[in-house]
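The structure under discussion appears below in the form of structure tokens.
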Amino acid sequence: MPVSLGELAVRFGCELRGDPDLAVERVATLATAGPDAVAFVANPKYRAQLATTRAAAVIVDAATAQATGRPVLIAANPYATYARIAAVLHPAPRFAPGAHPTAWIAPLAQVDGSAHIGAHVSIGEGVQVGPRVVIGPGCVIEDGCELAADVRLVARVTVCRGTRIGARTLVQPGAVLGADGFGFAPERGTWVKVPQLGRTLIGEDVEIGANTTIDRGAIGDTVIEDGVKLDNQIQIGHNVRIGAHSALAGCVGVSGSVTIGKRCQLGGAVGVAGHLTICDDVAVTGYSLVSHSITEPGVYSSGMPVIAAQDWRRAVARLHRLDRLAGRVRTIEQQLGKEQDD
Amino acid sequence: MPVSLGELAVRFGCELRGDPDLAVERVATLATAGPDAVAFVANPKYRAQLATTRAAAVIVDAATAQATGRPVLIAANPYATYARIAAVLHPAPRFAPGAHPTAWIAPLAQVDGSAHIGAHVSIGEGVQVGPRVVIGPGCVIEDGCELAADVRLVARVTVCRGTRIGARTLVQPGAVLGADGFGFAPERGTWVKVPQLGRTLIGEDVEIGANTTIDRGAIGDTVIEDGVKLDNQIQIGHNVRIGAHSALAGCVGVSGSVTIGKRCQLGGAVGVAGHLTICDDVAVTGYSLVSHSITEPGVYSSGMPVIAAQDWRRAVARLHRLDRLAGRVRTIEQQLGKEQDD
Amino acid sequence: MPVSLGELAVRFGCELRGDPDLAVERVATLATAGPDAVAFVANPKYRAQLATTRAAAVIVDAATAQATGRPVLIAANPYATYARIAAVLHPAPRFAPGAHPTAWIAPLAQVDGSAHIGAHVSIGEGVQVGPRVVIGPGCVIEDGCELAADVRLVARVTVCRGTRIGARTLVQPGAVLGADGFGFAPERGTWVKVPQLGRTLIGEDVEIGANTTIDRGAIGDTVIEDGVKLDNQIQIGHNVRIGAHSALAGCVGVSGSVTIGKRCQLGGAVGVAGHLTICDDVAVTGYSLVSHSITEPGVYSSGMPVIAAQDWRRAVARLHRLDRLAGRVRTIEQQLGKEQDD
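Protein chains in written order, with the working numbering: chain X, 1 to 342; chain B, 1001 to 1342; chain D, 2001 to 2342.
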């Protein structure tokens, strides 16, 4: 849907340098944009491409605007403004109200008339589905769940009994919310299953990635607070709490009973051991293991970068013999009569 | 369903210190329990909460019982006893026998009359479904599978052709049992698919987590023995065998043709390289890589704990130059005329 | 289906040493083969079993043939020849053309008459399904997707809007192709969703494992080139490109905007950080982290092998104090008046 640059400037509070009547139809990268597109620069390293882009206008910050003569939409936060303009030019698909003929809805479920229920969906007893909710094909909603207004489950999402999902939360395909946590009591070399009786409570404006799993609580609840963003293939154990606006990248694993603060960022495949607490505003870089609680905001790491395989084998062998090397240094120090702290 | 403390004591072989006629209705944590609930102490660090809990009774061991005047159910294994009492007070949902009208069952499948077949399930030719089996919504059972008595597939589980599942095994949503293993023969820079002809054999009393995948064998079978517990998001390659009562935490990856012994425990995200053998009674802590066979019971590790990112960068740089540091120590030793073993 | 050794030899260009009229019915391992089976030796360490196998013939290379008197089919690449013979003796199940009565196909979808559409499948508007495509039970194909000839989706696969899949590509259960990438613009401690507008383009002869996820592009497309093989539980971020005939083992995570070359091999659970480039013909061993671009073909590693837990704890403590140890060595060198390069 074409929108004029002037309208975009007004709507998103940008200063426009260019023709307010020029209509644009899409967003694009600087390199691929034509005269019907807006592009953006959020990273100074792409500034050089400003000279050659054919974009109708480029969303930039004030500093970048000064460095170019191109038509620009000047924004305090160009990437966020780009995101909003993209959503206007490329609106999400619309879904007609009503239930697909192949969907199955239990007699005592309460489904708002404006909700869209897709093909082969099944909705259990006592489920409450709010206004404008979209439940895509193949989703399973077990008994007693509550989906607030504007929730969207894209397709093939499983929502286990009693789970609550807050308004505007978006769940990608294959996610499983509220499966049993991993709780077993050891007894004479075997395991006794501990009933998983808690719920899974998902806040508002949460996004949950494809094939991500969030277990229900064992006794208390598992809680994902408002605005949390979870990428694909993440595993969240029972009784975890993730603070508002934290973002977890793909393949992260969070063990049971962990509490993660607000505005934390965990890189890809980070692991968090059980029963730990991570305070607000912690970042952990990818492929790191959090094996103790973190009480100070900051950036933490333990991901080991690749080197040539034969060099790595040697480094590992050295690491495994570090005690030996330290002992040799100690011996030398003793020989020289100058021992230092270990 | 309310049960008296006396009945719980008799049924689970506990000594009761308290009113045998007092009825309880639920389990709860020490902190949240009211007078209608039983709580438990399995970890001494929670003993302090015994003084203030409002629980009707607390399941404890004999030592903890001596340290408190509260009403208690004394058990040899409080956590296992708690698990059993929780299952009585909070029974699993019941499922009516019969097939949902939207389910599809192939003409030559044999489904016991007491089994429950949920919405949008499809069951292939020659499948055998035993007594009291529960197949939840959206499951796919391909041709020739066998599900023994009391198996439960929660929802959206895929069971590929020829897979066998033993009695009482529980499979969480999104799991895939019996997909093709990853087998390709290299040929002139491309790959020729190796047909995956084996089966997936799952024992009795197994639990399989949400979105976990277990591949079928290439020629022989993939075997999960009785009582094995698999958490969410685990990947089990073709021709793996996992010994009875082993427990694997979330995100573990087991490569093809690995044999894991009985009563092993693998922490979260542990990886096991292909064609290895791990003996009985091995524990591997989270985020470790098993890259050689393990022949001695014990605890093994290689997970690297996070530290501040700038310290980590320095440690990695040092690790990559360890050969250099060892060489400097060697030089000093030579200079001093006292070389030590490397 | 029985086939004579002579026919196999002709069909796959092998030299036969044995009875050309002898019919075989199956493939088997050397240890389990009976007189109706062919086995193979691709790894010299299995040669010893040649003496005792009951196989009708064994597929071997010329060198192995010389070392045995057994009936053999001599092939330049025994494993690839085994794969092809196995596919002849154990043909994949056949699927009848037509749509299952429980499938739902949108009015404007174009489904070739030879395609098989399984139970509870839903196919959106504008989808194009080519000849002999097999879409197994429970799959969801959103609007505007294209599936070329002979594609097979085994079961419960989700293909999001606009995804294109090339001929003969095989997708295992639970895979999700084309979900939204993980794109959010930070703004005052919260996140603004960046619309994910690109597509997912899958080449020909690709295999995609169970519960693997491949995100759509943010603006441009995510591209999986011809012949790529992806194992289970892999996560591919938005705007990634994977070069032809590369193979990624289970649980690999590839962050957004990564480019991987042709014929690369990534071991299990390898991680690749965002915006990197890996050149052609790179191998990365399992559990390694690629955190910088790789421009030279070769083998790279950073996976840390397990040792006894108490030894590992000591090694980690030493690693965290390596700066200290290096400082002590420096002090000694200064004392001796012979400083060396760090």
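Note that the Cβ used here is the ideal one computed from N, Cα and C, for glycine as well.
Do residue i and residue j have their C-beta atoms within less than 8 Å of each other?
| i | j | result |
| --- | --- | --- |
| D/R2271 | D/G2243 | Looking at the sequence provided, one finds Gly at residue 2271 of chain D rather than Arg. The answer is no: Cβ separation not under 8 Å. |
| X/T81 | X/I59 | yes |
| B/A1210 | X/A179 | yes |
| B/P1020 | B/G1006 | yes |
| X/T213 | X/Q235 | yes |
| X/D281 | D/R2318 | no |
| B/V1121 | B/P1137 | yes |
| B/V1192 | D/A2083 | yes |
| X/P78 | X/F40 | yes |
| D/G2174 | B/V1176 | yes |
| D/G2130 | D/A2155 | no |
| D/I2219 | D/L2201 | no |
| X/V306 | D/S2288 | yes |
| B/R1241 | B/V1223 | yes |
| X/P414 | X/V38 | Residue 414 of chain X cannot be examined here, being either before or after the span of chain X that is shown, 1 to 342. |
| B/Q1335 | X/T331 | no |
| D/G2166 | D/D2231 | no |
| X/G18 | X/A57 | yes |
| X/V329 | D/R2314 | no |
| X/G144 | X/V127 | yes |
Let's see if you can read the secondary structure: which residues bound the beta strand (DSSP E) around residue i?
| i | result |
| --- | --- |
| B/F1012 | Premise fails: B/F1012 lies in the alpha helix (DSSP H), 1005-1012, not in any beta strand (DSSP E). |
| B/T1295 | Element bounds for B/T1295: n/a, residue is neither H nor E. |
| D/A2057 | 2057-2060 |
| D/K2262 | No beta strand (DSSP E) contains D/K2262, which DSSP labels as neither H nor E. |
| X/V223 | 222-224 |
| B/R1017 | 1015-1017 |
| D/L2201 | 2200-2202 |
Indicate whether at least one CB of chain B lies closer than 8 Å to the CB of residue i.
| i | result |
| --- | --- |
| X/R313 | no |
| X/I307 | yes |
| D/E2225 | no |
| X/L325 | yes |
| D/T2102 | yes |
| D/Y2287 | yes |
| D/R2132 | no |
| D/Y2300 | no |
Per DSSP, residue i is paired with what?
| i | result |
| --- | --- |
| D/K2229 | D/E2207, D/A2247 |
| D/V2176 | D/T2158, D/T2213 |
| D/P2044 | Note: D/P2044 sits in no beta bridge, so no partner. |
| B/W1191 | B/P1186 |
| B/Y1287 | Paired residues: none, contrary to the question. |
| B/L1170 | B/R1152, B/E1207 |
| D/L2147 | D/V2129, D/I2165 |
| D/V2024 | D/V2003 |
| D/T2032 | Paired residue(s): none; D/T2032 is not in a bridge. |
| X/T64 | None, per the DSSP bridge assignment. |
| B/G1253 | B/Q1235, B/G1271 |
| D/S2301 | X/I307 |
Could you spell out the range, first to last residue, of the alpha helix (DSSP H) harbouring residue i?
| i | result |
| --- | --- |
| X/R330 | 322-336 |
8 Å is my cut-off, CB to CB: does residue i come that close to chain D?
| i | result |
| --- | --- |
| X/A269 | yes |
| X/C251 | yes |
| B/A1033 | no |
| X/L322 | yes |
| X/E296 | no |
| X/A96 | no |
Any Cβ of chain X within less than 8 Å of the Cβ of residue i?
| i | result |
| --- | --- |
| B/P1137 | yes |
| D/D2342 | no |
| D/T2029 | no |
| D/H2116 | no |
| B/G1124 | no |
* Asked: Mind pulling the alpha helix (DSSP H) runs of 4 or more residues that sit fully within the stretch 1069-1136 of chain B?
  -> 1078-1089
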